[in-house]
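Trainee: Just so we're aligned, residue 83 is where the sequence shown starts under my numbering, counting upward by one. My questions all concern the structure below.
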Amino acid sequence: MSYNLLKGKRGIVFGALNEQSIAWKVVERAVEEGAEVVLTNTPVALRIGATQKLADQCGTIVVPADATSVEDLQNLVDKTLEYFGGKIDFVLHSVGMSPNVRKNFPYSALDYNNFSKTIDISALSFHKLLQVLYEKDAMAEYGSVVALSYIAAQRTVEGYSDMAEAKAMLESIARSFGAVYGREHKVRVNTVSQSPTLTTAGQGIAGMSDMYAFTEEMSPLGNASAEECADYIVTLFSDLTRKVTMQNLYHDGGYSSMGISASVIEAFKKGRE
Ligand SMILES: NC(=O)c1ccc[n+]([C@@H]2O[C@H](COP(=O)([O-])OP(=O)(O)OC[C@H]3O[C@@H](n4cnc5c(N)ncnc54)[C@H](O)[C@@H]3O)[C@@H](O)[C@H]2O)c1
Numbered sequence: 083m084s085y086n087l088l089k090g091k092r093g094i095v096f097g098a099l100n101e102q103s104i105a106w107k108v109v110e111r112a113v114e115e116g117a118e119v120v121l122t123n124t125p126v127a128l129r130i131g132a133t134q135k136l137a138d139q140c141g142t143i144v145v146p147a148d149a150t151s152v153e154d155l156q157n158l159v160d161k162t163l164e165y166f167g168g169k170i171d172f173v174l175h176s177v178g179m180s181p182n183v184r185k186n187f188p189y190s191a192l193d194y195n196n197f198s199k200t201i202d203i204s205a206l207s208f209h210k211l212l213q214v215l216y217e218k219d220a221m222a223e224y225g226s227v228v229a230l231s232y233i234a235a236q237r238t239v240e241g242y243s244d245m246a247e248a249k250a251m252l253e254s255i256a257r258s259f260g261a262v263y264g265r266e267h268k269v270r271v272n273t274v275s276q277s278p279t280l281t282t283a284g285q286g287i288a289g290m291s292d293m294y295a296f297t298e299e300m301s302p303l304g305n306a307s308a309e310e311c312a313d314y315i316v317t318l319f320s321d322l323t324r325k326v327t328m329q330n331l332y333h334d335g336g337y338s339s340m341g342i343s344a345s346v347i348e349a350f351k352k353g354r355e
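Here it is in structure tokens:
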């Protein structure tokens, strides 16, 4: 159902690799709500993924960009401003990757070149993006920039490895840049901390299916799906949340406030018997 929440708004969405991607669902919902969206992903992802298919579906363009490259980000923002013929109302940073996770390095034996890449791709890229938008004065007043995070930024989730450090930095960047951007240009910057979701990136985490089942059991409302995440992000792009900034917003069915759940204790007891 459409509420026309984003009528006349224009944005950039990173990370719509395939139909499972959270970003893919965000693009579909944003367009349904009346937005125009420019899509971007790395050249490799554009070759192996289905981003172009989504762009065709939405009647829009794809601008290739590696989010770690300031030059690529500058080109992306220039092309988007030109395409829209005006400023940008929202941006979704839906970007994450850890070579240490991908190559199964244990947390106590991390490769530091990989660690640097994890931080660059999954956290520093958010600062680079914000700085490029800021320098080009590309965002409209009360524009909204959102990045996706995960609760491993606050609490240890074994298997999430150096992505935990990246997410902690990502959330910190949202606060620090949000202060500058809010004061000087009235632009909002937030992170959404999403439930485990069965996407390409999600399934790269060791033990993901058990983790998914555990958080499903722990969360009073159950895990939040990618579609539900898109609904929430649409509200953050809309004018209904104009004074929400510098926040890490949990979208996790209540998981982040739980300590122990009766049903998980029950399952644990059965396992011990
Ligand atoms: N899936 C989950 O369980 C979950 C939970 C919480 C947060 N998140 C976060 O959500 C975001 C989106 O992930 P997803 O689950 O939709 O998986 P996904 O694999 O569909 O999306 C990840 C995207 O990051 C892109 N990417 C990787 N390196 C890049 C680079 N250098 N430059 C630009 N783009 C690059 C990939 O091409 C891909 O499109 C990530 O930040 C992820 O950490 C995911």
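Glycine residues also receive a C-beta, built at the ideal position from the N, C-alpha and C atoms. Every value quoted in this text rests on a predicted model; they were computed, and no experiment measured them.
So, do the stretch 105-121 and the stretch 312-321 have three or more beta carbon pairs nearer to each other than 8 Å?
Mentor: In short, these stretches touch, since the Cβ pair count reaches three.
Trainee: Since residue 211 contacts residue 280 with CB under 8 Å, what's their CB separation in whole angstroms?
Mentor: Within the sequence shown, the letter at position 129 stands for residue 211. Within the sequence shown, the letter at position 198 stands for residue 280. Contact doesn't hold; Cβ gap of about 26 Å is too wide.
Trainee: On the DSSP letters alone, give me the boundaries of the alpha helix (DSSP H) that residue 160 sits inside.
Mentor: Taking the sequence shown and counting its residues from 1, the one referred to as residue 160 is at position 78. Per DSSP, residue 160 belongs to the alpha helix (DSSP H) from 152-166.
Trainee: Please determine whether the Cβ atom of residue 179 lies at a distance below 7 Å from any heavy atom of ligand 1.
Mentor: Along the sequence shown, one-based indexing puts residue 179 at 97. Yes, the beta carbon of residue 179 sits closer than 7 Å to at least one heavy atom of ligand 1.
Trainee: Over what stretch of residues does the alpha helix (DSSP H) that includes residue 324 continue unbroken?
Mentor: Along the sequence shown, one-based indexing puts residue 324 at 242. Where residue 324 is concerned, there is no enclosing alpha helix (DSSP H), given that its DSSP letter is neither H nor E.
Trainee: State yes or no: is the C-beta of residue 272 within less than 8 Å of the C-beta of residue 228?
Mentor: Within the sequence shown, the letter at position 190 stands for residue 272. Within the sequence shown, the letter at position 146 stands for residue 228. Against a cut-off of 8 Å, the Cβ pair of residue 228 and residue 272 comes out as a contact.
Trainee: Under three-state DSSP, which class holds residue 290?
Mentor: Locating residue 290 in the sequence shown gives position 208, counting from the first residue. Note: residue 290 maps to helix in three-state DSSP.
Trainee: So does residue 283 have its beta carbon nearer than 7 Å to some heavy atom of ligand 1?
Mentor: Position 201 of the sequence shown, counted from the start, is the residue given in the question as residue 283. Within the cutoff, so yes.
Trainee: What's the gap between the Cα of residue 240 and the Cα of residue 296?
Mentor: The count along the sequence shown starts at 1 and reaches residue 240 at position 158. The count along the sequence shown starts at 1 and reaches residue 296 at position 214. If I take the Cα positions, the gap works out to 13 Å.
Trainee: Count the other C-beta atoms from every protein chain shown that fall within 10 angstroms of the C-beta of residue 185, then say buried if there are 16 or more, exposed otherwise.
Mentor: To locate residue 185, count along the sequence shown from 1; it is residue 103. Exposed, by the Cβ-count rule.
Trainee: Mind checking which residues open and close the alpha helix (DSSP H) that includes residue 213?
Mentor: As a position in the sequence shown, residue 213 is number 131, starting the count at 1. It spans 207-217 - the alpha helix (DSSP H) in which residue 213 sits, taken as one unbroken run.
Trainee: For residue 277 versus residue 335, is the C-beta spacing smaller than 8 Å?
Mentor: Counting from 1 along the sequence shown, the entry for residue 277 is found at position 195. Counting from 1 along the sequence shown, the entry for residue 335 is found at position 253. In contact: residue 277 and residue 335 (Cβ atoms closer than 8 Å).
Trainee: For residue 130, count the other beta carbons within 10 Å of its own beta carbon; 16 or more makes it buried, fewer makes it exposed. Which is it?
Mentor: Start at 1 with the first residue of the sequence shown, and residue 130 comes out as number 48. Exposed is the call here.
Trainee: Determine the contact status of residue 179 and residue 204, defining contact as a CB-CB distance below 8 Å.
Mentor: Your numbering for residue 179 matches position 97 in the sequence shown. Your numbering for residue 204 matches position 122 in the sequence shown. Closer than 8 Å, so yes.
Trainee: Compute the Euclidean distance between the alpha carbons of residue 166 and residue 92, then round it to the nearest angstrom.
Mentor: Sequence index remark: in the sequence shown, residue 166 carries index 84 (1-based). Sequence index remark: in the sequence shown, residue 92 carries index 10 (1-based). Distance between the alpha carbons of residue 166 and residue 92: 7 Å.
Trainee: Helix, strand or coil for residue 342, going by three-state DSSP, please let me know.
Mentor: The residue you call residue 342 lines up with position 260 of the sequence shown. Coil.
Trainee: Tell me the residue span of the beta strand (DSSP E) that contains residue 119.
Mentor: For the purposes of this step, residue 119 is identified with residue 37 of the sequence shown, where counting begins at 1. Per DSSP, residue 119 belongs to the beta strand (DSSP E) from 118-122.
Trainee: Is residue 297 a contact residue of ligand 1, with contact defined as CB to any heavy atom under 7 Å?
Mentor: Walking along the sequence shown from the start, residue 297 turns up at place 215. No - ligand 1 has no heavy atom lying nearer than 7 Å to the Cβ of residue 297.
Trainee: Please give the ranges of any beta strand (DSSP E) in the stretch 209-268, keeping only runs that are unbroken, at least 3 residues long and fully inside the region.
Mentor: 221-231
Trainee: Taking residue 274 as part of the beta strand (DSSP E), name the residues at either end of that continuous run.
Mentor: The residue you call residue 274 lines up with position 192 of the sequence shown. Residues 270-276.
Trainee: Within its chain, find whatever has a CB closer than 6 Å to the CB of residue 289; leave out the 5 residues flanking it on each side and keep chain order.
Mentor: Translated into the one-based positions of the sequence shown, residue 289 becomes position 207. Contacts found: 241.
Trainee: Between which two residues does the alpha helix (DSSP H) holding residue 194 run?
Mentor: Indexing the sequence shown from 1 puts residue 194 at position 112. Counting along the chain, the alpha helix (DSSP H) containing residue 194 begins and ends at 194-201.
Trainee: Whole angstroms are fine: how far does the CA of residue 257 sit from the CA of residue 327?
Mentor: Residue 327 sits at position 245 when you count from the first residue of the sequence shown. Residue 257 sits at position 175 when you count from the first residue of the sequence shown. Taking the straight line from one Cα to the other gives about 8 Å.
Trainee: Once you ignore the five residues that flank residue 251 on each side, which residues in its own chain have a CB closer than 6 Å to its CB?
Mentor: On the sequence shown, residue 251 is found 169 positions in, with the first residue counted as 1. So the qualifying residues of the chain are 205.
Trainee: With contact counted as at least three CB pairs below 8 Å, one residue from each stretch, are the stretch 125-145 and the stretch 336-349 in contact?
Mentor: no
Trainee: From residue 259 to residue 173, what does the alpha carbon distance come to, in whole angstroms?
Mentor: Numbered from 1 along the sequence shown, position 177 holds the residue referred to as residue 259. Numbered from 1 along the sequence shown, position 91 holds the residue referred to as residue 173. So the two alpha carbons sit approximately 14 Å from each other.
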